[in-house]
Amino acid sequence: MPARTPAGPIALWRSQSGHAAASADRCPHRGMRLSHGFVRGEALSCIYHGWSYARPGNCLRIPAHPGLTPPETIRVATHEVEESGGVIWVAVGEPTIQPPRLEGLAPLRSLTAHAGIAVLEAVVGAKAGPEGLVWQAQNSQEIRLLLVPQEDDHTLIHVLLDEKSSASQRVAASRAIESLRRTAEYLQAKGIAS
Amino acid sequence: MKLYDYVLSPSCYKVRLMAALTGVKLEIRPVDFHPGAEHRSPELMALNPAGSIPILEDDDLILTESAAMLVYLAAQAGPEWLGSGTPEQTARVQQWLSFSHRLTASLGGARLHEMLLRPGDIAKLQAQGIAALRELESGLVEQGLRGMRFLASDRPTVADIACFPYVALAPDGGVPLDPYPGIRLWSRAIRGLEHFIEMPGIHRLHELKSEPDAEPGEA
Numbered sequence: 001m002p003a004r005t006p007a008g009p010i011a012l013w014r015s016q017s018g019h020a021a022a023s024a025d026r027c028p029h030r031g032m033r034l035s036h037g038f039v040r041g042e043a044l045s046c047i048y049h050g051w052s053y054a055r056p057g058n059c060l061r062i063p064a065h066p067g068l069t070p071p072e073t074i075r076v077a078t079h080e081v082e083e084s085g086g087v088i089w090v091a092v093g094e095p096t097i098q099p100p101r102l103e104g105l106a107p108l109r110s111l112t113a114h115a116g117i118a119v120l121e122a123v124v125g126a127k128a129g130p131e132g133l134v135w136q137a138q139n140s141q142e143i144r145l146l147l148v149p150q151e152d153d154h155t156l157i158h159v160l161l162d163e164k165s166s167a168s169q170r171v172a173a174s175r176a177i178e179s180l181r182r183t184a185e186y187l188q189a190k191g192i193a194s
Numbered sequence: 001m002k003l004y005d006y007v008l009s010p011s012c013y014k015v016r017l018m019a020a021l022t023g024v025k026l027e028i029r030p031v032d033f034h035p036g037a038e039h040r041s042p043e044l045m046a047l048n049p050a051g052s053i054p055i056l057e058d059d060d061l062i063l064t065e066s067a068a069m070l071v072y073l074a075a076q077a078g079p080e081w082l083g084s085g086t087p088e089q090t091a092r093v094q095q096w097l098s099f100s101h102r103l104t105a106s107l108g109g110a111r112l113h114e115m116l117l118r119p120g121d122i123a124k125l126q127a128q129g130i131a132a133l134r135e136l137e138s139g140l141v142e143q144g145l146r147g148m149r150f151l152a153s154d155r156p157t158v159a160d161i162a163c164f165p166y167v168a169l170a171p172d173g174g175v176p177l178d179p180y181p182g183i184r185l186w187s188r189a190i191r192g193l194e195h196f197i198e199m200p201g202i203h204r205l206h207e208l209k210s211e212p213d214a215e216p217g218e219a
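Those sequence lines, one after another, are chains A and S. Take 1 as the starting number for the first sequence in our numbering and just add one per residue. Take 1 as the starting number for the second sequence in our numbering and just add one per residue.
In structure tokens form, the structure reads like this:
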């Protein structure tokens, strides 16, 4: 699937054995988006000419030249990926620290808001740290937000909740985050208009 | 049962899809919607004064609303598609059947504007489409939290078939589906149903074949 990091668009994929991997979203052959491609076994294949790549980025196979072992120089740029507690972390450049351990939290949902991170922080009334943004919602539940900036003042919000939450608490949190998004988008639009 | 049909119309596709899923054989009467505007012809206006398609004709019964056609097919050939009959599930089915008209007006309007150059305020249609998609996403997320994969139940109902086509074709109207993980999962579940049929722009879930072997003597 396509995803965005501050370094640009990536193709995020999971191999058949369950390993997550991230590469540049561009096939080195003809520039096609690799996120349009498909996963077969442990390789990501480009939809255009079927060149397939292993998780470390080396080219495994060029279908038009079945007898050829692709040279080491044909490779796609990759990113370090770490998966913990249902969250996939993608490193931009060489990772210098381990991703935070979000103990006791479980992912609820992910959604996109047409509002910048600063606006979301203002609505929540707190600053986002390395472990995300802690939001004390009106119904007194604590909701954790992981914010990823996207293009054009959009923000991807990953919502996490206490893993012991009941089904009705999860539904309430899902509705609370919709309200937060409405408020943030209203402020964002007003800010641009004024 | 005769369906007045246009192959590129998502509303007509709803009826073809429902018939395929419930195993009903339809007699298809193609209508030259574009460029012929045959749906406005005297013959079709006599059947449906609203001048819209699809039209489903079964002896004396003439239906001109696609939601009613889905319910008719389900009641005849697959009552499980109407939900379990509990008050809550019955209401959820009706909720999303009514909601599906908003998808038609917004995403369908944007698609007609982009594909057939119909006049309209495209920015407004797209904004309304995004608002509707967000509601659908939120509904699907909540259903997921209740342990259900579909809009009204853990099995698909007429509500899912009523909402699915205009959602799946939203990109035709310039509205991307990337921001809605719940909708993408739901769309996969529908496209993977047994007896699912395609329309131009909506493909089934392909089974991945194993790596084709190299032909001997090639390279």
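Glycine included, every Cβ here is placed at the ideal spot set by N, Cα and C. What you are looking at is a predicted structure, and each value in this text was computed from that prediction instead of being measured.
Just the C-alpha distance for residue i and residue j, rounded to the nearest angstrom, thanks.
{"i": "Val-124/A", "j": "Arg-4/A", "result": "24 Å"}
{"i": "Arg-170/A", "j": "Leu-161/A", "result": "8 Å"}
{"i": "Val-158/S", "j": "Val-71/S", "result": "7 Å"}
{"i": "Ile-55/S", "j": "Ala-68/S", "result": "10 Å"}
{"i": "Gln-94/S", "j": "Gln-128/S", "result": "21 Å"}
{"i": "Ala-167/A", "j": "Gly-173/S", "result": "36 Å"}
{"i": "Arg-111/S", "j": "Leu-156/A", "result": "26 Å"}
{"i": "Pro-130/A", "j": "Gly-86/A", "result": "17 Å"}
{"i": "Arg-40/A", "j": "Arg-175/A", "result": "37 Å"}
{"i": "Leu-169/S", "j": "Thr-96/A", "result": "43 Å"}
{"i": "Gln-143/S", "j": "Ser-100/S", "result": "17 Å"}
{"i": "Pro-119/S", "j": "His-113/S", "result": "6 Å"}
{"i": "Glu-175/S", "j": "Gly-18/A", "result": "Inspection of the sequence shows that residue 175/S is occupied by Val rather than by Glu. About 31 Å."}
{"i": "Glu-163/A", "j": "Ala-64/A", "result": "49 Å"}
{"i": "Ser-106/S", "j": "Ser-84/S", "result": "30 Å"}
{"i": "Thr-69/A", "j": "Cys-59/A", "result": "9 Å"}
{"i": "Arg-55/A", "j": "Leu-47/S", "result": "59 Å"}
Give the C-beta separation of residue i and residue j to the nearest angstrom, bearing in mind that I take them to be a contact with Cβ-Cβ under 8 Å.
{"i": "Lys-14/S", "j": "Pro-165/S", "result": "5 Å"}
{"i": "Gln-89/S", "j": "Ala-132/S", "result": "That pair is no contact at about 22 Å."}
{"i": "Leu-73/S", "j": "Thr-104/S", "result": "That belief does not hold up - the Cβ atoms of Leu-73/S and Thr-104/S are roughly 19 Å apart, past 8 Å."}
{"i": "Val-76/A", "j": "Ala-20/A", "result": "Rounded, the Cβ-Cβ distance is 16 Å, inconsistent with contact."}
{"i": "Leu-147/A", "j": "Leu-120/A", "result": "6 Å"}
{"i": "His-195/S", "j": "Ala-20/S", "result": "5 Å"}
{"i": "Ser-35/A", "j": "Ser-45/A", "result": "About 12 Å separates the two Cβ atoms, so there is no contact after all."}
{"i": "Ile-62/A", "j": "Leu-12/A", "result": "Going by Cβ atoms, the distance from Ile-62/A to Leu-12/A rounds to 23 Å, so no, they are not a contact pair."}
{"i": "Ala-189/S", "j": "Arg-149/S", "result": "6 Å"}
{"i": "Pro-2/A", "j": "Asp-178/S", "result": "6 Å"}
Judging by CA-CA distance, which residue of the options is the nearest neighbour of residue i?
{"i": "Thr-78/A", "options": "Lys-127/A, Arg-26/A, Ala-122/A and Tyr-48/A", "result": "Arg-26/A"}
{"i": "Glu-185/A", "options": "Gly-18/A, His-158/A and Ala-118/A", "result": "Ala-118/A"}
{"i": "Leu-205/S", "options": "Ser-15/A, Ala-22/A, Phe-38/A and His-19/A", "result": "Phe-38/A"}
{"i": "Trp-2/S", "options": "Asp-60/S, Pro-87/S and Pro-10/S", "result": "Here the sequence assigns Lys to residue 2/S, which means Trp is not the residue at that position. Answer by Cα proximity: Asp-60/S."}
{"i": "Asp-152/A", "options": "Glu-131/A, Thr-96/A, Gly-116/A and Gln-136/A", "result": "Gly-116/A"}
{"i": "Arg-109/A", "options": "Arg-144/A, Pro-99/A and Pro-63/A", "result": "Arg-144/A"}
{"i": "Arg-155/S", "options": "Trp-186/S, Lys-209/S, Tyr-180/S and Pro-181/S", "result": "Trp-186/S"}
{"i": "Val-159/A", "options": "Ile-192/A, Ile-74/A, Thr-183/A and Pro-107/A", "result": "Pro-107/A"}
{"i": "Pro-100/A", "options": "Leu-133/A, Pro-70/A, Ser-15/A and Leu-68/A", "result": "Leu-133/A"}
{"i": "Ala-123/S", "options": "Thr-86/S, Pro-200/S and Gly-109/S", "result": "Gly-109/S"}
In the DSSP assignment, find the beta strand (DSSP E) that holds residue i and state where it starts and stops.
{"i": "Gly-8/A", "result": "8-14"}
{"i": "Leu-3/S", "result": "2-5"}
{"i": "His-158/A", "result": "155-162"}
{"i": "Pro-107/A", "result": "105-113"}
{"i": "Ile-183/S", "result": "No beta strand (DSSP E) holds Ile-183/S; the alpha helix (DSSP H) holding it covers 181-191."}
{"i": "Arg-204/S", "result": "Run containing Arg-204/S: none; DSSP gives neither H nor E here."}
{"i": "Val-90/A", "result": "87-90"}
{"i": "Cys-59/A", "result": "59-61"}
{"i": "Ser-23/A", "result": "20-24"}
{"i": "Arg-134/S", "result": "Here Arg-134/S belongs to no beta strand (DSSP E); instead the alpha helix (DSSP H) covers 122-145."}
{"i": "Glu-27/S", "result": "27-30"}
Might you give, ordered along the chain, the residues of its own chain that have their beta carbon closer than 7 Å to the beta carbon of residue i, omitting 5 neighbours on each side?
{"i": "Leu-136/S", "result": "Cys-163, Val-167 and Ile-183"}
{"i": "Trp-96/S", "result": "Leu-151, Ala-152, Ala-159, Ala-162 and Cys-163"}
{"i": "Glu-83/A", "result": "Ala-20"}
{"i": "Gln-136/A", "result": "Glu-142"}
{"i": "Tyr-180/S", "result": "Leu-133 and Glu-137"}
Given residue i, which residues of its chain have a CB within under 8 Å of its CB, disregarding the five upstream and five downstream residues?
{"i": "Lys-190/A", "result": "none"}
{"i": "Arg-40/S", "result": "Gly-51"}
{"i": "Ala-75/S", "result": "Leu-82"}
{"i": "Ile-53/S", "result": "Tyr-4, Asp-5, Tyr-6, Ser-9, Ser-11, Cys-12, Val-31, Phe-33, His-39 and Leu-44"}
{"i": "Pro-220/S", "result": "In the structure as shown, chain S begins at 1 and stops at 219. Residue 220/S is therefore absent and cannot be evaluated."}
Among residues of its own chain, excluding the 5 on either side of residue i, which ones have a beta-carbon nearer than 6 Å to its beta-carbon?
{"i": "His-154/A", "result": "Thr-112 and His-114"}
{"i": "Arg-197/A", "result": "Any property of residue 197/A remains undetermined from this structure, which presents chain A solely from 1 to 194."}
{"i": "Met-18/S", "result": "Leu-70, Leu-73 and Ile-161"}
{"i": "Leu-187/A", "result": "Val-119"}
{"i": "Val-90/A", "result": "Thr-5, Ala-22, His-79 and Val-81"}
{"i": "Tyr-197/A", "result": "Because residue 197/A is not part of the residues shown, which for chain A are 1 to 194, the question remains open."}
Should residue i be listed as close to the ligand ATP, given that the test is whether its C-beta is under 7 Å from any heavy atom?
{"i": "Glu-142/A", "result": "Annotation note on the ligand ATP: not contained in the displayed structure, which lists no ligands."}
Where do the ends of the alpha helix (DSSP H) carrying residue i lie?
{"i": "Trp-96/S", "result": "87-103"}
{"i": "Ser-84/A", "result": "It is not in any alpha helix (DSSP H) - Ser-84/A instead sits in the beta strand (DSSP E) that spans 81-84."}
{"i": "Ala-46/S", "result": "42-47"}
{"i": "Asp-58/S", "result": "Where Asp-58/S is concerned, there is no enclosing alpha helix (DSSP H), although the beta strand (DSSP E) it sits in stretches over 55-58."}
Taking CB distances under 8 Å as the criterion, tell me whether residue i reaches chain D.
{"i": "Arg-30/A", "result": "Included in the structure are the protein chains A and S, with no chain D among them."}
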